[in-house]
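Undergrad:
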Amino acid sequence: MQSVSDKSLSSKVNVVEKGLKLSTADFSVYERRDWLQEMICQEYTRVEVTPPVDGNLFNETTFYDWESLRLSVIKSRGLTIEKLAREPYHNRQDNFLAVVLLSGQYLLEQSGREVFLEPGDITIYDATIPHRIYSSVGFNKLIISIPRAVMRDRVAGVEHCTALQVSGKTGVGAVATQFIQSTASQINDMRADEFSALSEQSLDLLTLALTSVRPQNFNLSRSRSFSLRLVKDFIESHLTNSLLDTAMIASGTHLSPRYINELFQDENTSLMRYVWMRRIERCHRDIINMPSGNHLSAIAYKWGFNDMSHFSRAFKQKFGVPPSVLRQSNL
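So this is what it looks like as structure tokens:
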């Protein structure tokens, strides 16, 4: 028998207008569990799948690219999905997953919290850390995959919102779930550009719904302080890289450039000016302690400068004397 790993996940794909459908029905009963686990590992995050007691496993997932997001329409019989601690994941899987339950039963556990969804309810979870999903009878659901940087840019302290129930019966939760469900049900009756245009509105409503259940004792300033510390730590560990720029820092910290610059505006500076300042300070320290035989250019290049004239001007602007004068005074 050909193993699941020998089969491309796309070998059993059905093209559905704008989406791609993957189903266990295209595989033998004996292959379904391994195939489904491999599919989830590739498309979402590394997990272990446990079939229902009767062994009759069924799962059908249709994927739709949705601007920076991805929408999945999922039908499934009962099963357990569990992500264990320290399981690796791909960078492209560094997402928060928003769940809109359409029907059935659905239990999610993460970070010591447990949420049992009713049809219409919404919740989110972090795809990169341990979690458990359980359903005894099966479910239909929507999943919106949202990159971490996008989510953090919109919801401060989003980590405090995982495995919480957003009711789909009243308030902004009802508005959000109805809009997202309506969009999903009409995908194949919309032009691609119309479907894409609804991505932003859906994300706006989803994030508004999440903030409605965020714990009241959540400390916004503490979250910003944590993010700022994260950015500064990343900068410190990459100061010697002359290619260090906003894009690299945003990618390395999973925060958006806009949010990072807002953090530094609170300190009356900008991101790259802070990088410049830290490099100059490191150069100053090394010049004071440098052996007599070393060259100033070696220090400048070491800390990310690639233009000596620019380095000298920046150094004098910061410390009031050129680096050569400081060096002579410390010989």
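Following numbering that gives the first Met the number 0, the numbering of the sequence shown begins with 0 at its first residue and continues without gaps.
All C-beta atoms, glycine included, are put in the ideal place defined by N, C-alpha and C.
(1) Go ahead and pull the three-state DSSP assignment for N34.
(2) Which value, in whole angstroms, describes the spacing of the CA atoms of A148 and E266?
(3) Pull up the distance between the alpha-carbon of Y300 and that of E261, whole angstroms please.
(4) Quick one: give me the first and last residue of the alpha helix (DSSP H) that P322 is part of.
(5) Taking only the alpha-carbon atoms, compute the straight-line gap between L107 and G167 and give it to the nearest angstrom.
(6) Going by DSSP, what residues sit across from T49 in a beta bridge?
(7) Give me the residue from V171, L205, G170 and R153 with the minimum Cα distance to I142.
(8) Mapping DSSP to helix, strand and coil, what is K6?
(9) Just to confirm my understanding: we take Q277, look at its own chain, exclude 5 residues before and 5 after, and list those with CB closer than 8 Å. What are they?
(10) Can you look up R284 in the DSSP assignment and give me helix, strand or coil?
(11) Given K74, which residues of its chain have a CB within under 6 Å of its CB, disregarding the five upstream and five downstream residues?
(12) So, does the CB of T44 fall closer than 8 Å to a CB anywhere in chain D?
(13) Starting from H130, follow its DSSP beta bridges and name the residues at the other end.
(14) Taking 8 Å as the cut-off, decide whether the C-beta atoms of Y258 and R151 are in contact.
(15) Quick one: Cα of S311 to Cα of P321, how far?
(16) In whole angstroms, what separates the C-alpha of S255 from that of G103?
TA: Quick answer:
(1) A small fix is needed here, since residue 34 is Trp in this sequence, not Asn. Correct three-state label for W34: helix.
(2) 21 Å
(3) 29 Å
(4) P322 to S328
(5) 16 Å
(6) T79
(7) L205
(8) Because the pLDDT of K6 is 40, which lies under 50, any placement of that residue in the model is unreliable, and the question is left without a value.
(9) A quick correction: the sequence has Arg, not Gln, at residue 277. Answer for R277: I234, E235 and L238, listed in chain order.
(10) DSSP, reduced to helix, strand and coil, places R284 within a helical segment of the structure shown.
(11) E59 and N139
(12) Absence of chain D from the displayed structure is noted, only one protein chain being present.
(13) Answer is K82, bridged to H130.
(14) yes
(15) 6 Å
(16) Whole-angstrom Cα-Cα distance: 36 Å.
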